[in-house]
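Undergrad: The structure's right below; bear with me while I get my questions together.
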Amino acid sequence: MKLNIFLMLLPILSVAGQSTIWPWKEKADDSLSNPYAQSRVPQFILDTRHPWIIENQSKLERLPNAESYLCFPPKESTSDVERAKPGGRGNGLDMPPDLFDYLEIDNDILDAKRPGWPNALARAQEIRRCPAALSQVKTFKLVIYAPGSEHSDWDKKKVLDLFGDVLGNMTRLETLKWAVPQCDARYFEEHFIERGLTLPSVKRLECSAMSHFLVRMCPNITVLESGRGFVWRDRRCDDGDPEILFVRAAMFASKLTRFAMASWPWTQSTIQGIGFQLDCSKHAEETIQPLSSLQNLTHLDLPDASKLGVGWFGYPGCGNVYFGPEGRQYLLQEIQQEAEAIDRVAALVAEVLPHLTGFTVGNTQANITRYENGTLGASFPWTGRMHEWVMDSSPYESDEID
């Protein structure tokens, strides 16, 4: 009888426990502060996965205040010998100078199932409490993945103020990788503009859809990339065309030397909107002006030719079309059409940006030739030998398919 009563109580206790496990607003949610274990080391430091942290975490856990030790290192006048004395402040530990070079806030990683906004808030609070991290970080990556309406009631003012403070105090920041939900990007834009945020030390910027406003806040960037891995057109948002806004924002990056926009498909209207209009016979100068104004640009990364609206739409999704009597011939035809499409894109690029030293179309790198008259030429492995190259590119012999 006792056993039966115990078994009957198990699901009741389990259900009762589930009712209070995940309310994200409660500070008592230990899994948010540290989803792996209750550690004395701040979670944002564990998230760096720095080899020194991994090697010495057990020693750090034995310190009376690991956060203070890591985030408030002694002044330079303190000798390394004193710092490393057994039983001393560092318990024999000697922090590497690159400990905080890379910081990330990312809930979209395989080993961390954390809600987007709560995780961002908790990690940013930790970083703000750590002067050493703020003053030393060189690369900062922010990824907030919040699908659907997850935590749509996030505390906007608190989060925006917090990230404004964090970014504003990263005085040595060189690379910023920024990915927030497209529909929420405008809140950051409005707040950062209002507080006059500028990041003059940033040289490389990678941003997600509708975060183009960061370009003007980073006046010294030399590399601009469209963030990868996120949808660039969220139909729930109606804040404008993110691709066109991204390219237009690049016009304000006067020191830009590399422009990578290869992570999203372009429609024909997008291409025309930024200057890649196929029919350049009329108003060509007006059409190509936006990109041609980037005089410091030396390298351009473009999407696959199939996404550039140049008359080739990519290989079929089903490999069965390559079987049968006509299979090999169809494959050879597709290979040639792709090469010809890349040639058309290359001709446009050479006309728009003759000062480039290199560019790619998808995964295909162009070979650049600069002529005495200042014009640019682009060649590829098939240039001047299309038929031979196409035949060599087929992975099948005729008797394997026919």
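Reading the sequence shown from the start, the letters are residues -17 to -1, 1 to 385 in mature numbering (1 follows the signal peptide of the UniProt record, and there is no 0).
Every residue, glycine too, gets a C-beta built ideally from N, C-alpha and C.
Please read all numbers here as calculations on a predicted model, not as lab measurements.
Where Val142 and Leu104 are concerned, what is the direct C-alpha to C-alpha distance, given to the nearest angstrom?
TA: 6 Å
Undergrad: Go through its chain and collect everything with a Cβ distance to residue 397's Cβ below 6 Å, but skip five positions before and after it.
TA: No information on residue 397 is available, as it lies outside the stretch -17 to 385 that the chain covers here.
Undergrad: So, under 8 Å CB-CB, Trp161 and Leu125 are touching, yes? Tell me the CB distance rounded to an integer number of Å.
TA: 5 Å
Undergrad: DSSP three-state call for Arg368: helix, strand or coil?
TA: coil
Undergrad: Put Trp100 into one of helix, strand or coil per three-state DSSP.
TA: DSSP, reduced to helix, strand and coil, places Trp100 within a helical segment of the structure shown.
Undergrad: Near residue 392, what residues of its chain come up, given a Cβ to Cβ distance below 8 Å and the 5 sequence neighbours on each side ignored?
TA: Only positions -17 to 385 of the chain appear in this structure, which leaves residue 392 out of reach.
Undergrad: Less than 7 Å between the beta carbons of Ala288 and Ala329, yes or no?
TA: At least 7 Å separates the beta-carbon of Ala288 from that of Ala329.
Undergrad: What's the C-alpha gap between Lys8 and Asp136?
TA: Note on Lys8: pLDDT 43, under 50, position unreliable in the model; the coordinate value appears next. If I take the Cα positions, the gap works out to 10 Å.
Undergrad: Report the rounded CA-to-CA distance for Thr181 versus Gly147, giving the unit in angstroms.
TA: 10 Å
Undergrad: Report yes if the C-beta distance between Tyr231 and Val206 is below 7 Å; otherwise report no.
TA: In the sequence as presented, Tyr is not what sits at residue 231; that position holds Arg. Arg231 places its beta carbon 7 Å or farther from that of Val206.
Undergrad: Between which two residues does the alpha helix (DSSP H) carrying Gly147 extend?
TA: Gly147: member of the alpha helix (DSSP H) spanning 139 to 151, first to last residue.
Undergrad: Just the C-alpha distance for Leu291 and Lys96, rounded to the nearest angstrom, thanks.
TA: 36 Å
Undergrad: Where does the unbroken beta strand (DSSP E) through Leu283 begin, and where does it stop?
TA: In the DSSP assignment, Leu283 falls within the beta strand (DSSP E) that extends over 282 to 285.
Undergrad: Kindly indicate which residue of Arg187, Gln119, Pro57, Ala192 has the alpha-carbon position closest to the one of Ile127.
TA: Ala192
Undergrad: In whole angstroms, what separates the C-alpha of Lys68 from that of Val185?
TA: For Lys68, the predicted model reports a pLDDT of 39, less than 50, meaning its position is unreliable; a value from the coordinates is still stated below. Whole-angstrom Cα-Cα distance: 38 Å.
Undergrad: Residue range of the alpha helix (DSSP H) that residue 390 falls in?
TA: Given a span of -17 to 385 for the chain in the structure shown, any question on residue 390 remains unanswerable.
Undergrad: Any idea what DSSP makes of Trp35, helix, strand or coil?
TA: helix
Undergrad: Does the distance from the C-beta atom of residue 426 to that of Ser376 stay below 7 Å?
TA: The requested residue 426 is not part of the displayed model; the chain covers only -17 to 385.
Undergrad: Can you look up Cys201 in the DSSP assignment and give me helix, strand or coil?
TA: Looking at Cys201 - three-state DSSP - the assignment turns out to be coil, as it is neither helix nor strand.
Undergrad: Within 10 angstroms of its Cβ, does Asn90 collect 16 or more other Cβ (buried), or is it exposed?
TA: By the beta-carbon neighbour count (other beta carbons within 10 angstroms, threshold 16), Asn90 is buried.
Undergrad: State the beta-bridge partners of Thr240 as determined by DSSP.
TA: DSSP, once it has assigned bridges, lists no residue as partnering Thr240.
Undergrad: Does Asn102 pass the burial test, meaning 16 or more other C-beta atoms within 10 Å, or should it be called exposed?
TA: buried
Undergrad: Relative to the C-alpha of Phe296, which residue among Glu323, Gln278, Arg311, Glu309 is closest?
TA: Minimum Cα-Cα distance from Phe296 among the listed residues Glu323, Gln278, Arg311, Glu309 corresponds to Glu323.
Undergrad: Using the Cα positions of Arg106 and Val163, report the straight-line distance between them to the nearest angstrom.
TA: 15 Å
Undergrad: For Leu208, does the three-state DSSP call read helix, strand or coil?
TA: Rather than Leu, the amino acid found at residue 208 in this sequence is Glu. Note: Glu208 maps to strand in three-state DSSP.
Undergrad: Which whole-angstrom value is the C-beta distance of Phe342 and Leu277, which I expect to be below 8 Å?
TA: In fact, because the Cβ distance is near 12 Å, the residues do not count as touching under 8 Å.
Undergrad: Check the DSSP bridge columns for Arg23 and list the partner residues they point to.
TA: In DSSP, Arg23 forms no bridge with anything.
Undergrad: Sort out for me which residues DSSP pairs Gln348 with in a bridge.
TA: Thr343
Undergrad: Just to confirm, are Leu188 and Leu159 a CB contact at a threshold of 7 Å?
TA: yes
Undergrad: Drop a sphere of 10 angstroms on the beta-carbon of Glu321, count the other beta-carbons inside from all chains shown, and report buried for 16 or more, exposed for fewer.
TA: Glu321 is buried by the Cβ-count criterion.
Undergrad: Closer than 8 Å by C-beta to Thr154: which residues in its own chain qualify, once you throw out the five before and the five after it? Chain order, please.
TA: Leu117, Ser118, Ser184
Undergrad: From the DSSP output, in three-state form, read off Ile127 for me.
TA: Coil at Ile127, not helix or strand.
Undergrad: Please classify Gln316: is it buried, with 16 or more other beta-carbons within 10 angstroms of its beta-carbon, or exposed?
TA: exposed
Undergrad: Any idea if Gly357 is buried or exposed, counting beta-carbon neighbours within 10 angstroms, 16 or more meaning buried?
TA: exposed
Undergrad: Can you list, in chain order, the residues of its chain whose CB lies under 6 Å from that of Met244, leaving out five sequence neighbours each side?
TA: Answer for Met244: Ser209, listed in chain order.
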